[in-house]
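A short worksheet on the structure shown next.
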Ligand SMILES: Nc1ncnc2c1ncn2[C@@H]1O[C@H](COP(=O)(O)OP(=O)(O)OP(=O)(O)O)[C@@H](O)[C@H]1O
């Protein structure tokens with residue numbers, strides 16, 4: 001078993017007194033990529049937000065452990081260096097250029113009011129190039145297409161160089177070649193020991209991860225290896241057997257059932 005990088009321990013959450021996460025325990029290893037999947041409204045984004053500390057404390061039960069220490073005991077800047085976040089539908093940085101957005105990923109490495117270092121600039125360049133967003137570095141985020149903008153936001157998340165990377169629907173708006181690039185980037189991160197946890201609706205991509213956490217109605221109903229037939233059965237069941245998992249050229253794929 002790899003070292004646990006981040007763990008949700010008995011997490012519960014409510015919105016307006018309505019429970020949306022029920023006693024979720026899930027542990028994610030260093031150097032592993034885990035995909036979180038499940039039907040709409042299953043609580044996938046809510047769990048990711050809990051892992052990231054984005055829930056108000058009064059709406060949350062249980063504990064998140066980051067690299068062996070409770071999340072709320074981490075000093076803010078150290079935590080921002082250890083944990084990176086790629087969220088959905090972010091618009092707060094729309095007026096900034098792509099370069100400046102990616103540079104925001106370096107903020108946890110900078111001291112108050114200091115200019116970015118040569119290393120910060122080198123990392124930002126490398127991340128924008130890795131996501132093929134370097135060509136529009138001078139353009140404001142607001143002017144970019146959905147997929148272009150997603151690649152800049154991914155570059156920002158990569159620029160943090162965090163040991164744990166949480167990504168909510170990272171493939172949103174990405175065309176197939178850039179989805180493949182994203183998987184290759186994730187594989188590189190994992191090879192360097194990073195823990196990657198991603199919420200994905202693209203089940204065939206999700207099946208390329210090391211592990212899969214399946215959620216339903218606010219609960220974690222299965223957590224296992226992506227190559228395990230028990231995981232495939234759980235995946236088919238959670239989607240009411242309207243998909244089937246099949247192997248093609250050594251990869252597991254999820255296909256819609258039309259019969
Ligand atoms: N701020 C909120 N106010 C009210 N209800 C919320 C709020 N956030 C989440 N919920 C509810 O909590 C449940 C889980 O939502 P969540 O976004 O975590 O699901 P999800 O699995 O990520 O869904 P999807 O696949 O549709 O993105 C849903 O029923 C949703 O309506």
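Residue numbers (full-length UniProt numbering): 1 to 259.
Where is the CB? At the ideal position from N, CA and C, for every residue including glycine.
Runs of the beta strand (DSSP E) lying entirely within the region 173-243, each at least 3 residues long, are 195-199, 211-216, 219-225 in chain order. Residue 209 and residue 122 have their alpha carbons spaced roughly 29 Å apart. Listed by position along the chain, the residues with Cβ atoms less than 6 Å from a non-hydrogen atom of ligand 1 are 15, 20, 38, 40, 41, 42, 43, 44, 45, 46.
Uninterrupted beta strand (DSSP E) stretches at least 3 residues long and entirely within the region 60-108 occur at 60-66, 83-86, given in chain order.
A Cβ-Cβ contact shorter than 8 Å links residue 150 with residue 172. Distance from residue 141 to residue 134 at the Cβ level is roughly 15 Å; contact not present, criterion being Cβ atoms closer than 8 Å.
Ranking 88, 73, 67 by CA distance to the CA of residue 82 puts 67 first. The beta strand (DSSP E) runs lying completely inside the region 20-61 and spanning 3 residues or more are 33-37, given in chain order. Partner residues in the beta bridge of residue 252, as assigned by DSSP, are 247. The three-state secondary structure of residue 166, taken from DSSP, is strand. Ranked by Cα distance from residue 201, the first of 113, 251, 11, 44 is 44.
Rounded to whole angstroms, the separation of the alpha carbons of residue 73 and residue 179 is 36 Å. 169 is the residue among 53, 37, 132, 169 whose C-alpha sits nearest the C-alpha of residue 86. The C-alpha of residue 31 is placed about 23 Å away from the C-alpha of residue 230. The residue among 167, 259, 137 with its C-alpha nearest the C-alpha of residue 154 is 167.
Per DSSP, reduced to three states, the secondary structure at residue 123 is helical. Residue 12 has 61 as its beta-bridge partners, per DSSP.
Each of 243, 259, 246, 218 was checked against the Cα of residue 18, and the nearest Cα belongs to 218.
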